[in-house]
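Quick note: the sequence shown uses the working numbering, first residue 227, plus one each step. Where a beta carbon is used, it is the ideal one built from N, C-alpha and C, also for glycine.
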Amino acid sequence: MSLPGRDLDDVLIVGPAFSGRRRLFHRLLAARPGRPVLVSTRQPASRVRDAHRRTVDGDPAEPVVVDCVANAVGRAGDGGDATGYAQDPGNLTSIGTTFVDLAEDRDEDALAVGVTTVSPLLMYRGQGDCPGA
Numbered sequence: 227m228s229l230p231g232r233d234l235d236d237v238l239i240v241g242p243a244f245s246g247r248r249r250l251f252h253r254l255l256a257a258r259p260g261r262p263v264l265v266s267t268r269q270p271a272s273r274v275r276d277a278h279r280r281t282v283d284g285d286p287a288e289p290v291v292v293d294c295v296a297n298a299v300g301r302a303g304d305g306g307d308a309t310g311y312a313q314d315p316g317n318l319t320s321i322g323t324t325f326v327d328l329a330e331d332r333d334e335d336a337l338a339v340g341v342t343t344v345s346p347l348l349m350y351r352g353q354g355d356c357p358g359a
């Protein structure tokens with residue numbers, strides 16, 4: 227399957243439920259060089275990794291995951307050097323610092339980074355937090 231967007235730096239995938247957007251998300255990340263970094267805002271790291279493995283053909287590189295869910299429900303564990311735990315999907319500072327910690331540990335020139343869904347990031351932010359609201 228030829229994937230669109232291989233020459234693009236930034237891609238936003240939108241579509242209704244069951245449209246294949248998550249499959250496209252994982253395939254685009256896997257098509258990039260290096261190990262992908264996933265920011266998971268709705269599912270724990272293990273489920274995101276399973277979805278990545280099932281979706282990508284061949285033997286994909288195991289993704290590094292910023293898990294924004296596990297701490298929020300009291301289930302953060304030791305994911306080793308491949309998982310970082312942010313406090314919750316609404317804490318953008320925690321997500322950012324966790325991402326930076328994981329990204330700095332990578333010995334790669336370029337990173338393929340994907341946010342599984344931006345809805346929780348927006349949902350947890352109050353209107354007072356948004357400029358112009």
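Q.
Looking only at its chain, what residues have a beta carbon closer than 6 Å to the beta carbon of V339, apart from the 5 residues adjacent to it on each side?
A. Against the sequence shown, residue 339 aligns to sequence position 113. In chain order, V263 place their CB closer than 6 Å to the CB of V339, counting only its own chain and leaving out the 5 sequence neighbours on each side.
Q. For T309, does the three-state DSSP call read helix, strand or coil?
A. One-based indexing of the sequence shown puts residue 309 at position 83. Correct three-state label for T309: strand.
(Q) Here's the rule: buried if 16 or more other CB atoms are within 10 angstroms of the residue's CB, otherwise exposed. What is G241? (A) On the sequence shown, position 15 is the one that residue 241 refers to. In summary, G241 is exposed, with fewer than 16 beta-carbon neighbours lying within 10 Å of its beta-carbon over all protein chains present.
Q: Check the DSSP bridge columns for D293 and list the partner residues they point to.
A: Against the sequence shown, residue 293 aligns to sequence position 67. Answer is S266, Y311.
Q. On the three-state DSSP scale, how would you describe G322?
A. Your numbering for residue 322 matches position 96 in the sequence shown. Taken through DSSP and simplified to helix, strand or coil, G322 comes out as helix.
**Q.** Residue of P270, F251, A277 minimising C-alpha distance to D314
**A.** On the sequence shown, residue 314 is found 88 positions in, with the first residue counted as 1. Cα-wise, what sits closest to D314 is P270.
(Q) When you compare the CB positions of S266 and V292, do they come within less than 8 Å of one another, or not? (A) For this step, residue 266 is matched to residue 40 along the sequence shown. For this step, residue 292 is matched to residue 66 along the sequence shown. Note that the C-beta distance between S266 and V292 is below 8 Å.
Q.
For V282, report the span of its beta strand (DSSP E) as first-last.
A. Sequence index remark: in the sequence shown, residue 282 carries index 56 (1-based). Where V282 is concerned, there is no enclosing beta strand (DSSP E), given that its DSSP letter is neither H nor E.
(Q) Quick check: the Cα distance between F244 and A329, rounded to an integer number of angstroms? (A) Looking up residue 244 in the sequence shown gives position 18. Looking up residue 329 in the sequence shown gives position 103. Whole-angstrom Cα-Cα distance: 31 Å.
Q: Ignore the nearest five residues each way along the sequence and tell me which others in D283's own chain have a CB closer than 7 Å to its CB.
A: Here residue 283 corresponds to residue number 57 of the sequence shown, with the count starting at 1. Closer than 7 Å at Cβ, skipping near neighbours: no residue.
Q.
Looking at the strands, I want to know which residues DSSP matches up with V299.
A. Within the sequence shown, the letter at position 73 stands for residue 299. For V299, DSSP records no beta bridge to any residue.
**Q.** When L318, L238, A257 are compared against V295, the one with the closest alpha-carbon
**A.** As a working note, residue 295 is residue 69 in the sequence shown. The shortest CA-to-CA distance from V295 to any of L318, L238, A257 is the one to L318.
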